[in-house]
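One structure is given below, encoded as structure tokens.
Below, the structure written as structure tokens:
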């Protein structure tokens, strides 16, 4: 039998996913009439009967095509119904921003730097002094002055704060937070002050989730009482319990650059460790089918107990579901069981939440596991060391390489970086993470035995210190991470196809796969060459929309001059979030930052690769004349007005009429630093003078390609 015929469910999953993708990228109001489903099923039945009776087997593909159409339609329509915005009771259809809302907290509030973040489900909205049923989800931010214990999972609150929809991205290639929340079915967010909410009741949540959160809180208290603190506490709660609330940005960055960020997210690695330990302990339950059933039940119970312990977070649910079907498939000894089990688990999760297909964690989880299952055994067979220690090291290396092959295209696409020392990192981090996981459990189990708990805690703390110091050391090594690697969606798919073709060529020894991989490599190289040429010839001026700041970006080739307020340099997160992604997409490898204070006091020395001359308030860029206007009135003593290509208002200056008289231009750009009152003055004067006016705070970043 053709091996492809063993994976019927996978083929159905592909078409189901295609339907989801079509719906998410088309108008959400487009729907498929329900009558299409019985019609297609009837056509399948008729075609199957016709083929069987007429024995025209050349038409055997017809029922398959019809079934594929059903799966596409199912994915399309189900994802449309899953989108809460299509519900007639959704808040979008009735909320003006002033009505009180009845909400229920859907998850334990997360600890942030200055606030607590809670996911809330909208239950009702007040209308004409009565409560009307409503639906929707919102992110609520409570000030740190509020007592965290007052807000918990399952609480019902009346919220008087004004909620709003997240803003769309205002800058080129900026992270689309609005779409990110939409894919979590969250449509509103708002800051709720201490006097803008009241509690109606507690413990309305799911009892299983409440028990899981209580269990997790008990673990946290034990770790705190044992004296684990600081970065060690942040890492142990993330690694053992899946809580990233206590991780600071520096820790995240170091683990990410070193290639160890996966151990801080409870997922396949952690559930896999639990699975391997339990599987090894239950070695004696493999003698007959009844023992196998008992073994599978114990394994499933252990994995889901751990999932409960970590708070039943989405990433853990993915991993637990994946391993559950692997256990079931292995237990019933089905051929191709692992791959089919992964397919079933993905199908189940996407039936539960079709939007998961766009979840980066979901994609990385399945890409890594599929690569490990498909590729790792082949790599492992290349060398079979006789020494046990060498064999274990080789096993970790092969798993790391396989997982990296499966996830590298996605990592480049989403994060634009590659950890160069990932093998070294995993050789250190995976054994340490395993020991920390074991020690974390043992410290809780023996917490009541003071002497035993003390020694376990000492060992746990030592392992945490070694892990943290190792990650820091690797992160500080030269060339530990390659950044600025931008590939588009087409190139990502090509990379996956190259990996698949090379692997198939190695296994089958068939030249066709080698030829296919070479063709793909040429295609990838051509795409990269075109991209490099476009980058080398690009010239662009951008005025970014960054709240309270003025930031002007001059891009020429792969070089950038960033003109910004001095305060921006004290808030690097703004540059990182608003500007860096744009620079990555544009291939910028040399960046020069100049403050407006320096710019206005002296002429700036620039790179030879930048066709610009900066002597503020005037800038010459690619033979275009640009005027920067701050609080001071720019002077011009000529007999006639100075001709400009562009005027940029970078600070509050309301003398628009005089400036526009002395300087003639066709375009005016107003930065985000300018107050609404001054913006209005300039817009009125520009309208009177017939000048195009772009206020970046209202209209988003101004982009001028030269």
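Residue numbers (our numbering): 218 to 923.
Here a beta-carbon is modelled for each residue, glycine too, at the ideal position from N, C-alpha and C.
Cβ-Cβ distance between residue i and residue j below 8 angstroms
| i | j | result |
| --- | --- | --- |
| residue 883 | residue 908 | yes |
| residue 869 | residue 826 | no |
| residue 633 | residue 488 | no |
| residue 511 | residue 502 | yes |
| residue 301 | residue 404 | yes |
| residue 356 | residue 654 | no |
| residue 715 | residue 234 | no |
| residue 888 | residue 791 | no |
| residue 389 | residue 799 | yes |
| residue 341 | residue 319 | yes |
| residue 513 | residue 478 | no |
| residue 862 | residue 841 | yes |
| residue 313 | residue 374 | no |
| residue 673 | residue 656 | yes |
| residue 299 | residue 564 | no |
| residue 352 | residue 306 | yes |
| residue 871 | residue 886 | no |
| residue 873 | residue 898 | yes |
| residue 359 | residue 409 | yes |
| residue 845 | residue 834 | yes |
| residue 276 | residue 268 | yes |
| residue 239 | residue 293 | yes |
Closest residue to residue i among the options (Cα-Cα distance)
| i | options | result |
| --- | --- | --- |
| residue 520 | 511, 509 and 541 | 541 |
| residue 459 | 297, 899 and 485 | 485 |
| residue 809 | 829, 663 and 639 | 829 |
| residue 369 | 397, 381, 706 and 423 | 423 |
| residue 707 | 737, 680, 687 and 720 | 737 |
| residue 446 | 679, 350, 499 and 283 | 679 |
| residue 557 | 426, 546 and 567 | 546 |
| residue 226 | 561, 383 and 615 | 561 |
| residue 592 | 412, 617, 582 and 608 | 617 |
| residue 286 | 259, 310 and 421 | 259 |
| residue 324 | 686, 428, 893 and 261 | 428 |
| residue 315 | 344, 322, 292 and 296 | 344 |
Bridge partners - residue i, DSSP secondary structure assignment
| i | result |
| --- | --- |
| residue 838 | 829 and 841 |
| residue 859 | 880 |
| residue 636 | 698 |
| residue 369 | None, per the DSSP bridge assignment. |
| residue 307 | 352 |
| residue 327 | 334 |
| residue 759 | 770 and 920 |
Residue range of the beta strand (DSSP E) that includes residue i
| i | result |
| --- | --- |
| residue 909 | 909-912 |
| residue 770 | 768-773 |
| residue 337 | 332-344 |
| residue 248 | Counting along the chain, residue 248 falls outside any beta strand (DSSP E), and DSSP gives it neither H nor E. |
| residue 808 | 807-812 |
| residue 776 | 776-781 |
Straight-line gap, residue i to residue j (C-alpha atoms, nearest Å)
| i | j | result |
| --- | --- | --- |
| residue 781 | residue 916 | 20 angstroms |
| residue 890 | residue 847 | 10 angstroms |
| residue 490 | residue 517 | 13 angstroms |
| residue 880 | residue 750 | 36 angstroms |
| residue 524 | residue 398 | 24 angstroms |
| residue 596 | residue 606 | 18 angstroms |
| residue 553 | residue 732 | Here the model assigns residue 553 a pLDDT of 46, short of 50, so the residue's position is not dependable and the matter cannot be decided. |
| residue 236 | residue 580 | 17 angstroms |
| residue 500 | residue 515 | 12 angstroms |
| residue 629 | residue 635 | 7 angstroms |
| residue 584 | residue 705 | 18 angstroms |
| residue 255 | residue 290 | 12 angstroms |
| residue 832 | residue 919 | 22 angstroms |
| residue 718 | residue 601 | 25 angstroms |
| residue 538 | residue 526 | 15 angstroms |
| residue 905 | residue 760 | 24 angstroms |
Residue range of the unbroken alpha helix (DSSP H) whose run includes residue i
| i | result |
| --- | --- |
| residue 437 | 424-442 |
| residue 626 | 605-632 |
| residue 753 | 728-754 |
| residue 475 | 466-475 |
| residue 791 | 789-795 |
| residue 671 | 667-693 |
| residue 403 | That residue, residue 403, is in no alpha helix (DSSP H); it is neither H nor E in DSSP. |
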